[in-house]
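Q:
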Amino acid sequence: MNLPLTDLTLAQAADSIRRRDVTAVAFTEAILTRANAVQPKTNCFLRVHREDALAAAERADAEIADGNWRGPLHGVPLAHKDVFDREGHVATAGAILFDTPATSPATVMSRLDDAGATYLGALNLDEFAAGGTGANDHYGRTCNPWNTNHISGGSSGGSGACVSARAAFGALGGDAGGSVRIPAAMCGVVGLKPTFGCVSRAGTAPRTFSVDCTGPMTRTAEDCALMLQAIAGHDPRDPATPDVPVPDYRAALRTDLRGVRIGVAVGNPFDQVDPEIAALLASAAGTLRDLGAVLVDVTVPDVMRLNDLQQILGKSEAAVICSKWMRERPGDMTFDAISVVQEGLLMPATRYLEAKSLRAPLLEAHVRAIYTEVDVLFAPVLAGPTPTIAETDFEDHDRVEELFTRSARFTRFANYLGTPALSVPCGFSDGGLPVAFQLHGPPFGEARLLAVAHAYQGATDHHAKAPELA
8 MNLPLTDLTL
18 AQAADSIRRR
28 DVTAVAFTEA
38 ILTRANAVQP
48 KTNCFLRVHR
58 EDALAAAERA
68 DAEIADGNWR
78 GPLHGVPLAH
88 KDVFDREGHV
98 ATAGAILFDT
108 PATSPATVMS
118 RLDDAGATYL
128 GALNLDEFAA
138 GGTGANDHYG
148 RTCNPWNTNH
158 ISGGSSGGSG
168 ACVSARAAFG
178 ALGGDAGGSV
188 RIPAAMCGVV
198 GLKPTFGCVS
208 RAGTAPRTFS
218 VDCTGPMTRT
228 AEDCALMLQA
238 IAGHDPRDPA
248 TPDVPVPDYR
258 AALRTDLRGV
268 RIGVAVGNPF
278 DQVDPEIAAL
288 LASAAGTLRD
298 LGAVLVDVTV
308 PDVMRLNDLQ
318 QILGKSEAAV
328 ICSKWMRERP
338 GDMTFDAISV
348 VQEGLLMPAT
358 RYLEAKSLRA
368 PLLEAHVRAI
378 YTEVDVLFAP
388 VLAGPTPTIA
398 ETDFEDHDRV
408 EELFTRSARF
418 TRFANYLGTP
428 ALSVPCGFSD
438 GGLPVAFQLH
448 GPPFGEARLL
458 AVAHAYQGAT
468 DHHAKAPELA
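In our numbering, the protein residues as written are 8 to 477.
(1) Just to confirm before moving on: does the CB-CB distance between residue 197 and residue 228 stay below 8 Å?
(2) On the premise that residue 271 lies in contact with residue 302, defined as a C-beta separation below 8 Å, what is that separation, rounded to the nearest angstrom?
(3) By how many angstroms is the C-alpha of residue 184 removed from the C-alpha of residue 141?
(4) Here's the rule I'm using: 16 or more other beta-carbon atoms within 10 Å means buried, otherwise exposed. How should residue 88 be labelled?
(5) Nearest-angstrom Cα distance between residue 235 and residue 364?
(6) Does DSSP put residue 103 in a helix, a strand or coil?
(7) Which one of 308, 171, 170 has the shortest CA to CA distance from residue 275?
(8) Determine which residues share a DSSP beta bridge with residue 87 and list them.
(9) What does DSSP give as the partner residues of residue 322 in its beta bridges?
(10) Is it right to say residue 122 is buried, meaning 16 or more other beta carbons lie within 10 angstroms of its own, or is it exposed?
(11) DSSP puts residue 242 in a beta bridge; with which residues?
(12) Express the C-alpha separation of residue 166 and residue 105 in angstroms, rounding to a whole number.
(13) Which value, in whole angstroms, describes the spacing of the CA atoms of residue 35 and residue 421?
(14) So the alpha helix (DSSP H) residue 120 belongs to, where does it begin and stop?
(15) Assuming contact is defined by CB atoms lying nearer than 8 Å, are residue 91 and residue 210 in contact in what I supplied?
(16) Buried or exposed: where does residue 316 fall if 16 or more other Cβ atoms within 10 Å of its Cβ makes it buried?
(17) Please work out which residues of its chain come closer than 6 Å, Cβ to Cβ, to residue 214, disregarding the five sequence neighbours upstream and downstream, and give them in chain order.
(18) Per DSSP, which residues does residue 94 bridge with? Please list them.
(19) Can you tell me the Cα-Cα spacing of residue 8 and residue 170, whole angstroms?
Spelled out as structure tokens, the structure:
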């Protein structure tokens, strides 16, 4: 092969392993070497399970040699945000409060194990998965592989940085307000927030009860489809997962977009975008048009209101989850984490109940207003360039909150509504940092989002570029 093993996509690595052109052990050794090289610069890993990973790769090679190929993740090295239970391990959730090893795995972990994926280790994140910069006072900051003076985004910053730096072929993250899509955009990878209920939350450290989703972060839409295929579907342990068939996401991918109606989000707040970002988004939209899509301008109603309602749910539920620790071990929590809990504790119950009660009718109105006219909504992920670490290193919690609100203005509404959204790289700023667009769809519309992204990536090469870290 001409490319280094670590530069292959997940799908390419999977095909090589299946054909036995390259062993799973060789891929795992290459990825472990890469992880060791980039860790000092990115701090994306919290733990690397080297010996366990190599043993799993050896088992994969033996199974495949015996004709027992489990599918396209078999033998492929993956790493995941440290919020998922693995038997015998502690999922830290970016905090220092937890010390009891899990006795059973999260559903997504057991499904990836069943698919034969090789588990490399746990990835860094903001404390309690509550942040948007990748900062963590306990474990150190995750840095952006494209420029380590810039933030990775968060809270799944370790996942975004790891995949971008070619230290895993894919990773899982969690998204309660943009925590998959924002670091995916900042690090130049694909990041999916699935429909609420598409992927089980069982065994996952909760950030919230009703807006948090687990999603894949990969280099390509095809890779994302392969990971989603393995983890999606009904789980008796999570009553939010409906018992419905899971689509064949890879089979739904396409290379042209003839007949696809794409709505381009216009008006407030989507017109509040830095000119450089706007130009790259316009170019990406033009590529989609060239692929055959029909583009129409769409006004998305009530975005800022939906964002506010997401915050009411998220902060109230985070307070319920974390208030025990604030009472018992406040010295082991940072000021920012305590501030988030306090905001939730002060939230009137009437506001929370109103936000819950409005969710279904507002979702129905949103789908009727948007998806009766178009198939997919095209929008920004971020309004401006990725900030430097210095620009986000605030001690003032109000300034931190202002930054999060500004960064998540295009992402939070999908969490409130429970609809799927996908971040797709579409170029680089003048400063050499990735820029992305976002695709939104109706509930359980992941296959269409991935198909549009796959067609776009077939016509562009932004996703194929790698940071020069080591």
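C-beta: ideal position from N, C-alpha, C; glycine also.
A: This is what the structure holds:
(1) The Cβ-Cβ distance between residue 197 and residue 228 falls below 8 Å.
(2) Indeed, because the Cβ distance is near 6 Å, the residues count as touching under 8 Å.
(3) The straight-line gap from Cα to Cα measures roughly 14 Å.
(4) Label assigned to residue 88: buried.
(5) The alpha-carbon separation between residue 235 and residue 364 amounts to approximately 30 Å.
(6) In the structure shown, residue 103 sits in coil (DSSP, three-state: anything other than H, G, I, E or B).
(7) Looking at the Cα atoms, 308 is the closest of the given residues.
(8) In DSSP, residue 87 forms a bridge with 129, 179.
(9) The bridge partners DSSP lists for residue 322 come to none.
(10) By the neighbour-count rule (16 or more Cβ atoms within 10 Å), residue 122 is buried.
(11) Secondary-structure assignment with DSSP links residue 242 through a beta bridge to 245.
(12) One C-alpha to the other measures close to 21 Å.
(13) Residue 35 and residue 421 have their alpha carbons spaced roughly 35 Å apart.
(14) Looking at the DSSP string, the run of the alpha helix (DSSP H) that includes residue 120 is 114-121.
(15) Their beta carbons are under 8 Å apart, which means residue 91 touches residue 210 by this criterion.
(16) Burial call: buried.
(17) Excluding positions up to five away in sequence, the list reads 136, 183.
(18) According to the DSSP secondary-structure assignment, residue 94 is paired through a beta bridge with 109.
(19) Its pLDDT being 48, under 50, residue 8 is placed unreliably by the model, and nothing is read from it.
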